[in-house]
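**Student:** Following this message is one structure expressed as structure tokens.
Number of protein chains: 2
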Amino acid sequence: MTAPSARPRRRADAERSIARIVSAARTLLSADPSATTDDIARAAGVGRMTVYGHFRTRADLVEAALRDAIRAGDETLAAVDLAGDARGAVTRLLASSWEVVAESAALLAAAAEVLPAGRVHELHAEPVRRMTELISSGRDQGVFRADLPVGWLVSVVQYILHGAAEEVRAGRLASEEAADTVTKSVLSVLTG
Amino acid sequence: MTAPSARPRRRADAERSIARIVSAARTLLSADPSATTDDIARAAGVGRMTVYGHFRTRADLVEAALRDAIRAGDETLAAVDLAGDARGAVTRLLASSWEVVAESAALLAAAAEVLPAGRVHELHAEPVRRMTELISSGRDQGVFRADLPVGWLVSVVQYILHGAAEEVRAGRLASEEAADTVTKSVLSVLTG
DNA sequence: TGTAACTCGTACTACCATGTATGAGCTTTC
DNA sequence: GAAAGCTCATACATGGTAGTACGAGTTACA
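Note that the protein sequences, when read in sequence, are chains C and H.
Letter by letter, the first sequence follows residues 1 to 192 in UniProt numbering.
Letter by letter, the second sequence follows residues 1 to 192 in UniProt numbering.
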């Protein structure tokens, strides 16, 4: 969905508009999940009608924004060195994930509201795959526990990450300490 | 707020209506956080106007429902034996918390949407106090870790609990295994 | 340079929920 | 049994957003 590359060609100005709209959507929805289509159009410096020209529904737009955020986050994650000791790899991965997750918490909430159940989860396939692989390999190394399903462990990591973002947002956790706190907590769960 | 016992007297039928409305609100909002005031009135077997007679705004109603759920949950928790070994106490506490949390996840979402920031957290003061005390005592016993703040540990427990509820709801975790899985995960984080 | 693609203002429809107003009729309670 | 309290139907005012329709003007591109 959301205008894939199926269209044979698209004019350069359209391409530009779409990029600006998606970018604005990411920014606004990350600050306030109930930002309206009109707000987003304004922020993108574009008429509301132009938005509807590229995204049939609000849901389409939100999904595009989430896709973009996930893609960007995944690029960051892809740059993390996962070789060697699984414990160190997790630490490095979390140090990067932390920011991505904290930034997009509100956007995620917006998506959960508008998109059909399970869609949000589907869109996370890539980062989930990455984390699953890492945990599996740690388990093979005998470093991580084997008494809980990998899928659950991956989920717990996500929930802790989001929880920390929420605590920081609410001012109950200093943001400088967040990464360290998250890492310690996650490693405890993973090693058992 | 929400009609405390400040009012000198209230007629018996009004008392009855309020009880039915709050109960219906809890049930409906726990299934669908966007249930309308009208839905709730219907389910309570009461006219919509009667609801507005007791709760000025939707937010008031949602808060009353959440209060009631927390109070009921807290009663369950109060029955848990917290004496002796902190590890065992946590295990028992989680076995009970699990159901409470899983049931009210949607209600919580409704409250988060409608109530001012921080209000939901305030309303949880009692269960949070309970958990804080337990973790502190475990720390004094030397059983739980001391390298992370108690407040954070309490939060993590909540996030894991809610996460598990979500996983069960999405069909990614069998509900029979949930309690055990949660317990193992939480104990890992607490012991470090 | 002509045509197709794109932009975008204005205006409008449709929908839906909250909350208010009014008033007739039924219960409690003293 | 009367006053005060409560119920609740109908009707209405409000406010806000999504999405549609139309059409004139602008820009890209071959």
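Glycine included, C-beta positions come from ideal geometry on N, C-alpha and C.
G88 (chain C) by DSSP, collapsed to three states: which one?
**Tutor:** Helix.
**Student:** Can you tell me the Cα-Cα spacing of K184 (chain H) and T181 (chain C), whole angstroms?
**Tutor:** Their Cα atoms are separated by approximately 19 Å.
**Student:** If you draw a straight line from the alpha carbon of M131 (chain H) to that of V189 (chain H), how long is it in whole angstroms?
**Tutor:** Cα to Cα, the separation comes out at about 14 Å.
**Student:** Indicate, with yes or no, if the ligand SAH has a heavy atom lying under 8 Å from the CB of S175 (chain C).
**Tutor:** The ligand SAH is not among the ligands present in this structure, which contains no ligands whatsoever.
**Student:** Would you check if the distance between the CB atom of S17 (chain C) and the CB atom of T50 (chain C) is smaller than 9 Å?
**Tutor:** Contact flag set, yes.
**Student:** Based on Cα-Cα distance, which residue from C:E103, C:A43 and C:T36 lies nearest to V20 (chain C)?
**Tutor:** Looking at the sequence itself, residue 20 (chain C) is Arg, so the reference to Val does not match. Ranking the options by Cα distance to R20 (chain C), first place goes to C:A43.
**Student:** For L107 (chain C), decide whether its Cβ has a neighbour in chain H, counting only Cβ atoms nearer than 9 Å.
**Tutor:** L107 (chain C) does not count as touching chain H.
**Student:** Which two residues bound the contiguous alpha helix (DSSP H) that contains V186 (chain C)?
**Tutor:** Run containing V186 (chain C): S175 to T191, per the alpha helix (DSSP H) assignment.
**Student:** Buried or exposed: which applies to G47 (chain H), given that a residue is buried once 16 or more other Cβ atoms fall within 10 Å of its Cβ?
**Tutor:** Burial call: exposed.
**Student:** Does chain C have any CB closer than 9 Å to the CB of R145 (chain H)?
**Tutor:** R145 (chain H) counts as touching chain C.
**Student:** Would you mind sorting A10 (chain H) into buried or exposed? The rule is 16 or more other CB atoms within 10 Å of its CB.
**Tutor:** The identity of residue 10 (chain H) in the sequence shown is Arg, whereas the question assumes Ala. Exposed, since its Cβ has fewer than 16 Cβ neighbours within 10 Å.
**Student:** When the Cα of A78 (chain C) is compared with those of C:L28, C:A65, C:P149 and C:L94, which residue comes out closest?
**Tutor:** Nearest option by C-alpha distance: C:L94.
**Student:** Which first and last residues belong to the alpha helix (DSSP H) in which H121 (chain C) is found?
**Tutor:** First-last of the alpha helix (DSSP H) with H121 (chain C): R119 to L123.
**Student:** Here's the rule I'm using: 16 or more other beta-carbon atoms within 10 Å means buried, otherwise exposed. How should G118 (chain C) be labelled?
**Tutor:** Counting Cβ neighbours within 10 Å, G118 (chain C) comes out exposed, since fewer than 16 surround it.
**Student:** If distances are taken between C-alpha atoms only, which option among C:V143, C:E122 and C:A14 comes closest to residue 201 (chain H)?
**Tutor:** Nothing can be reported for residue 201 (chain H): it is not among the residues displayed for chain H, which extend from 1 to 192.
**Student:** Answer yes or no: does any C-beta atom of chain H fall closer than 9 Å to that of T50 (chain C)?
**Tutor:** Taking Cβ atoms only, chain H never reaches closer than 9 Å to T50 (chain C), which makes this a no.
**Student:** Does the beta carbon of R56 (chain C) sit closer than 9 Å to a beta carbon anywhere in chain H?
**Tutor:** No, R56 (chain C) does not count as interfacial toward chain H.
**Student:** Does the beta carbon of S185 (chain H) come closer than 9 Å to any beta carbon on chain C?
**Tutor:** Yes, its Cβ sits closer than 9 Å to a Cβ of chain C.
**Student:** Residues of the stretch 145 to 160 of chain H in Cβ contact with chain C at a cutoff of 9 Å, in chain order, please.
**Tutor:** Those would be R145, D147, L148, P149, G151, W152, L153, S155, V156, Q158, Y159 and I160, in chain order.
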